[in-house]
Every structure is written in structure tokens, then in C-alpha cells.
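Protein chains in written order, with our numbering: chain A, 16 to 217; chain B, 812 to 1335.
All C-beta atoms, glycine included, are put in the ideal place defined by N, C-alpha and C.
These numbers come from a predicted model, not from an experiment.
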Ligand code: SF4
Ligand code: SF4
Ligand code: SF4
Ligand code: SF4
Ligand code: FES
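Here it is, written out as C-alpha cells:
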């Protein structure tokens, strides 16, 4: 799309006038906030709770059937739709005769997730939802951010931090301070998948 | 060639072809299920309808053969409407399992609905249910509900393998595919029915639920299961190989491949050698190269002619050539031998060959093949460089004989019995991870392409030998396949006039084979 840039007048082009106008706005806010602090829009989060709209996209959860087993049929539609490629699924045969395919592992890397909600849109089973309202996902440990299936199914609150539902203890971060002594070409990671270019009409 | 008219366009069509083939050649799709070039015309699906001039009723394209003056149309409104109607019948009792169906993404029913169907469902009765997820054989899973009853699988087992395991039982809506009681679908070519099945009725138990097909990346390659060298599509995702599918080559494997070949890729996914080892401990790549250079230098000073280079019929022709040149010019030895202790494969009339190696003929062509590798090892020496060859695994005796060498260097793709016995191990890339060629038992040079980057520190044999040679003061100018081929095409008489590009997708026979067949043509 072509956006015509506005033509600037001479006094706009020398900037001084515009800088002064900007300062007026800044000063107006400063003075108003000084004298009428109660009306300030800043929320002192996390001390002060922020009331979010009910339909906000929070962290994911996996919905369950009546017997508590996951509704998910491991169809990979969410993983296919996900632009961040942060959903990792492993499928297996279901022991239940009426169900064929179930997830063995279902992990979401919340550090990569962009909260777009495409996974929810793609799911044919209403098995994944983003209706938890939880948006504050903070930890100082990268491994915590990989949400595993057990937590996504039943976990609540900050249980993800306590490494609940993790299949096995995670090893120490590998030492990245000295570069590995491998020739450049062999380290060219095949894990990096080429993504199709974004269409120009976007 | 007769002249025919398709949708108003006049073409020369080869005699004996049917209209599905002719249209395909022109880029026109005629949807069809039951016809397959390898199985012939059956005419049961009635989806391939076309209008033939001078015939009041629509005809099936699979059974309409080329004849002079034939004029057909595939795109009239009547044909489109009929296709839609036929498809609607196929979908009447179809379960629409697409989200959990392994065929989804490569399913003809999906494709045809999207391209030729797109009607509103009018069915408000309950669907007929049939058996689901039944293992009909050790390697094949059947979902009877998804079947479109095209009988491709039945005809494959009747006509190609001659084992006849599959049949359709019951009538009407209740028809379904089944096996005779106590006679599972266990023939050694059973997985071809999975490829043939246009829908998700027959699926591979091994591939089942492993990966969705749209994540797979496909590369043209060669199966390394036996010396037939079936042409395949190698399919991998993020470095893990998930399956092999046969690729048509009328000279070698036609449309098929065997079940053992299809599972021969596991060796490239499991217990791979990823980092150089010295005495069983991982060492950095640069140190490993230095140690190898050191070992070679020492052995060369003492007894160059005693150094043995043990190659393998699993290596590409290019690697074999590079290794031969390396041995002769850098090591200064004539002891370059390729051989194997692997047990023979099963041989049959269809595809499988007893020789379990993809490139034995290539070794013979380069004059390095030996049937008696044992006595070569028995001689011992100061240094043995074993490339891509597990000697000790199949033959513990050969493992013992390796001890006769003072130093053993293994350039290996996998961790095996031989790498356990080697003082130095450097990983090399197996055939899915490099470009190259194999020469199959017929003497056909066939090209495989790199499907994924080499794992860990692995290098191609060519590149690794080039680096070692450079460390010893000789520059081989090889960077890619073409450089080696330029030399090979001159120095190996059998490969005269060939190049990787000339090989194309279906390969070319080596000179002696080409001349032999040329001679018979002349005589005949
Ligand atoms: S919200 Fe978007 S980025 Fe996050 S998991 Fe779902 S599809 Fe992926
Ligand atoms: S789309 Fe839904 S059913 Fe399919 S794998 Fe994702 S969560 Fe499971
Ligand atoms: S056979 Fe095709 S249409 Fe039927 S469920 Fe499988 S993918 Fe879907
Ligand atoms: S199982 Fe597949 S190949 Fe066999 S008849 Fe049914 S649809 Fe055709
Ligand atoms: S392909 Fe012609 S009837 Fe099935």
C-alpha cells in the first residue's frame, strides 16, 4: 500500500516550532499528573491488579473430556497453523477403542508464542483454548516457559514454575561462553526450517 | 503416432496410451481412483468420465485408448456435474477423519473434492460404520471406512506379488477390504499397497502417527538396502528421516520397492557417530584431523606400502574414487580394498537382490572389490583406515584381525563394533547427507541427492580426505560432486562421457553395459 507522506510547511521543516509544540504536550501531562495523581492512567502492576477484559487471550489450556482425558486428538492443526512454531506434539495410539489418536506429549514454548490465537482457531476439537486470563508469565528460568501437557490440562496458577508435569529433570544449560570447535558448515543447523516468505499483500 | 483431439487441442499421442495418460501429459487432470499404470485398467471407480465425440454417453477415460481421429472433451458442464455426483457417492459413508488420518495432505479424495467436488452434503441418514485401525499384516493398518473400493491393493497382491491376500467381501454399502482368516498381508512388498491406496484406508504401521505429511521434505534418492538400488523419495523433517517412497524408474524398480528397503533408513536416525573420538573419548574436530594427519605421517615414514585403506560398498562412487586416489597419492599404498562381511539379503524374482550393498558394482568398476577381505586384514600393517565399513559387527573374527594393525582409524557413520576397536574415529556423512551416485547390479549409475545437512561434526568422505590431504601438503581441488566427476569421467573408462547432470533422475548404464546392450540391439 502506498501512503503519501504529508507535505511539511517551512516552519515545520525547521523543527524548532514542532519541538516547542511537543514540549507543551509533555509539560501539560506532567503538570496535570503532579496535581491530579489519582487520575493517572499508570497501573502500579504487579502490586496493583489490572482488570483485564474477560475475552483476553491468556495462556493456553487443553480442555478435557468428561473422564478427564484430553480432548486433543493430536491432529497437529494447531502446530501447523502456529506462526511461531512453538507447539510440539507427539502422537500415539489411544487405548480407548472409540478414540484413535491421542497426544503423548504436547508442549508449548511460551517464550516463542506470540499469543496470536491461531492455534485456537485451527483446532477442530475445541481442545485448546486461551481463556485462562493469565497473561503474566514470568520466570528467570528458560526451561520453565515450556508448558507441558499435564500443566496445560490440569495445572493452575504458577504451577508451571514448580516444574510440574515435566517428564524428566532438565539438564544444566550448556556452556555457550566458548564457541564449539566445529567447522562452520557442519553447525549449519537443519533445525532451522525455512519459512515461506510473507506475501507482500500483508 | 495417431492424432487425437483433447478439449479442442490436437495432439500426437503414443499408441497404446489411454486418455488419462494423454491428458496427464498435457497437464489436464482427469480425477480417477482405480486406474494405475502399474496395475492396468479396472474401470470400477467410474470417476474418470469424459465425453467422446460420436458417443452419446460419457465414457471412462482409463478404458478409452488412443486411436486416429479420436476427439474427447474433459471439461464440459455435463462432465463436471457427473464427477461431482460420483464423488458424492464416494463420500456418502466416508468418515471424514482427515484430522487424524495419516493420508491427509496426500489424499486423492481430499484433492478431488477440493478441485472437482465442492458440493453441499445432502446426507441426513446415519453413516455405515466399518472396522477401523485393524492391523491386516505386520506392517499395514486398515481402516475399512475410508476405503473407496478401488481394488488397487487387491490387484497389486494378485498381479504383482501373486500372493493374493486381499479381497473385498460383502455387498453394496457393506463392502469392505479384508484378508483371508489366518492369511495376513505379510508379503515382502506389502507396503506398496499403502502407496497405491489413494485414500487413508491402508496406512503404514511404522509411519502411523509419526509425522504429518505436510511437514516432510522430499528428496530424490536411492534405497541402500540392496544392490537393486530402487529409486526413492526420501522424506525427512528437521533431520529425522520418516519414510522412503518408491520413485518410478522403469529400468530398475518400476513403481515399487520392498518392505525391508523401506525400513532401511533407521540406521541413519539411530546410534549415529556425531563427534570425533580418540580412545572412546570425544575430541574436537580440529584436534581429530591433526591426530589423523599425525598417524598417517608416522605410518607413511615407516612403511607406506603396508598402510591399508578398507572401503565399503556402502560408499558413493565419488567417495570410493576419492579414497582410492587418496590412498595411492597421499598414503602411497596400493592396498585399497572394498569388501564386506555383511550377511546376504533375500533374493526374489521381483526386486530384491542377494547382495545387500548398493554400490558393489561401483567398487568393481574402480578395481578395488575383493571377496576375500579377511586375508587382506590378516596381513596387518602399521595403519588401517576403515571407511564406512563395520567389519567387526557381522564378523567378530574380522574384528580380531583388525588388531593386527598397529593403528586403526575409522571414518564412520554409526557407532558400531569397529568404531569401538578404532584408536581414532571421525564421523562421515552417510548417503542421505551427501550428493553422489551408486552403481546398481545392472551397472546403472544412479544419482542420489543430499536430503539434509550432515549430523554433528560429520563431513563427507570426499571433504574429510581433502582436508587430511591438505594437512599433508597436497591440495585436491574437490569442492563438490562436479569436481570429482570431471576427474572420474576421464580416469574411469566405464564412466566416460557421463556427468551428474547427464545422469538425470533415472541414471545411465556404464559403458560396458551400454555397449553390450547396443550390440544385442544390432544383432537382433
Ligand atoms: S497463540 Fe499463536 S503463537 Fe501461540 S501457540 Fe497459538 S498459534 Fe502459536
Ligand atoms: S488442533 Fe486441537 S486437536 Fe489438533 S493437535 Fe491441536 S489441540 Fe489437539
Ligand atoms: S481418506 Fe482422505 S478424505 Fe478420508 S479421512 Fe483420510 S484424508 Fe480425509
Ligand atoms: S484399501 Fe485403498 S487401495 Fe484398497 S480398495 Fe480400498 S481404497 Fe482402494
Ligand atoms: S480410473 Fe477409470 S474407472 Fe476408475
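{"Asked": "Cβ-heavy atom distance between residue 89 of chain A and ligand 1 below 7 angstroms?", "Found": "no"}
{"Asked": "Taking 8 angstroms as the threshold (C-beta atoms), are residue 949 of chain B and residue 913 of chain B in contact?", "Found": "no"}
{"Asked": "What are the start and end residues of each continuous alpha helix (DSSP H) run of 4 or more residues lying completely inside the segment 1226-1312 of chain B, in chain order?", "Found": "1228-1232, 1272-1282, 1292-1302"}
{"Asked": "Alpha carbon to alpha carbon, how far is residue 944 of chain B from residue 992 of chain B? Give it in angstroms, no decimals.", "Found": "17 angstroms"}
{"Asked": "Below 8 angstroms between beta carbons: does that hold for residue 1012 of chain B and residue 969 of chain B?", "Found": "no"}
{"Asked": "Does the distance between the C-beta of residue 1038 of chain B and the nearest non-hydrogen atom of ligand 3 fall short of 7 angstroms?", "Found": "no"}
{"Asked": "Taking the C-alpha atoms as reference points, what is the distance between residue 1205 of chain B and residue 1152 of chain B?", "Found": "6 angstroms"}
{"Asked": "When DSSP builds the beta bridges, which residues end up paired with residue 1180 of chain B?", "Found": "B:1149"}
{"Asked": "Please list, in chain order, the residues of the segment 84-103 of chain A that have any C-beta partner in chain B closer than 9 angstroms.", "Found": "88, 89, 90, 91, 92, 94, 95"}
{"Asked": "Say whether chain B places a C-beta atom closer than 8 angstroms to the C-beta of residue 189 of chain A.", "Found": "Note that residue 189 of chain A scores a pLDDT of 49, beneath 50, so its modelled location is shaky and nothing firm can be said."}
{"Asked": "Taking 8 angstroms as the CB-CB limit, is residue 136 of chain A close to chain B?", "Found": "no"}
{"Asked": "With 8 angstroms set as the bound, which would you pick, yes or no: does the beta-carbon of residue 142 of chain A sit closer than that to a beta-carbon of chain C?", "Found": "The structure shown has no chain C; the protein chains it does contain are A and B."}
{"Asked": "Is it a yes or a no for the segment 1181-1189 of chain B touching the segment 1205-1220 of chain B, going by three-plus beta-carbon pairs under 8 angstroms?", "Found": "yes"}
{"Asked": "Give a single yes or no on whether residue 957 of chain B has its beta carbon closer than 7 angstroms to a heavy atom of ligand 3.", "Found": "yes"}
{"Asked": "Quick one: complete beta strand (DSSP E) runs, 3+ long, within the segment 1107-1140 of chain B?", "Found": "1119-1122"}
{"Asked": "Residues in its own chain within less than 7 angstroms of residue 1026 of chain B by CB, not counting five upstream and five downstream?", "Found": "1048"}
{"Asked": "Output yes if chain B places a C-beta closer than 8 angstroms to the C-beta of residue 72 of chain A; else output no.", "Found": "no"}
{"Asked": "So for residue 957 of chain B, helix, strand or coil by DSSP?", "Found": "helix"}
{"Asked": "With a floor of 4 residues, list each alpha helix (DSSP H) that falls wholly inside the segment 1074-1110 of chain B, ordered by position along the chain.", "Found": "1077-1080"}
{"Asked": "Short check: CB of residue 1004 of chain B to CB of residue 952 of chain B, under 8 angstroms?", "Found": "no"}
{"Asked": "Who does residue 103 of chain A pair with in a DSSP beta bridge?", "Found": "A:122"}
{"Asked": "What is the DSSP secondary structure of residue 985 of chain B, counted as helix, strand or coil?", "Found": "helix"}
{"Asked": "Identify the residues that DSSP records as bridge partners of residue 1354 of chain B: which are they?", "Found": "Since the displayed chain B opens at 812 and closes at 1335, residue 1354 of chain B lies outside it and no answer follows."}
{"Asked": "Any heavy atom of ligand 1 closer than 7 angstroms to the Cβ of residue 73 of chain A?", "Found": "no"}
{"Asked": "Let me check you understand the geometry: is the CB of residue 107 of chain A closer than 7 angstroms to at least one non-hydrogen atom of ligand 2?", "Found": "no"}
{"Asked": "Anyone know if the C-beta pair for residue 133 of chain A and residue 98 of chain A falls short of 8 angstroms?", "Found": "yes"}
{"Asked": "At 8 angstroms on the CB atoms, spell out the chain A contacts of residue 1054 of chain B, in chain order.", "Found": "In chain order: nothing, as chain A lies at least about 15 angstroms away."}
{"Asked": "Mapping DSSP to helix, strand and coil, what is residue 1192 of chain B?", "Found": "strand"}
{"Asked": "Which residues share a DSSP beta bridge with residue 816 of chain B?", "Found": "B:821, B:882"}
{"Asked": "For residue 26 of chain A, which three-state DSSP category applies?", "Found": "helix"}
{"Asked": "Relative to ligand 2, is the shortest distance from any of its heavy atoms to the C-beta of residue 104 of chain A smaller than 7 angstroms?", "Found": "yes"}
{"Asked": "Around the C-beta of residue 80 of chain A, are 16 or more other C-beta atoms found within 10 angstroms, so that it is buried, or is it exposed?", "Found": "exposed"}
{"Asked": "Quick one: which chain A residues come within Cβ less than 8 angstroms of residue 943 of chain B?", "Found": "115"}
{"Asked": "Between which two residues does the beta strand (DSSP E) containing residue 1216 of chain B stretch?", "Found": "1216-1223"}
{"Asked": "Indicate whether at least one CB of chain B lies closer than 8 angstroms to the CB of residue 108 of chain A.", "Found": "yes"}
{"Asked": "List the DSSP bridge partners of residue 829 of chain B.", "Found": "B:876"}
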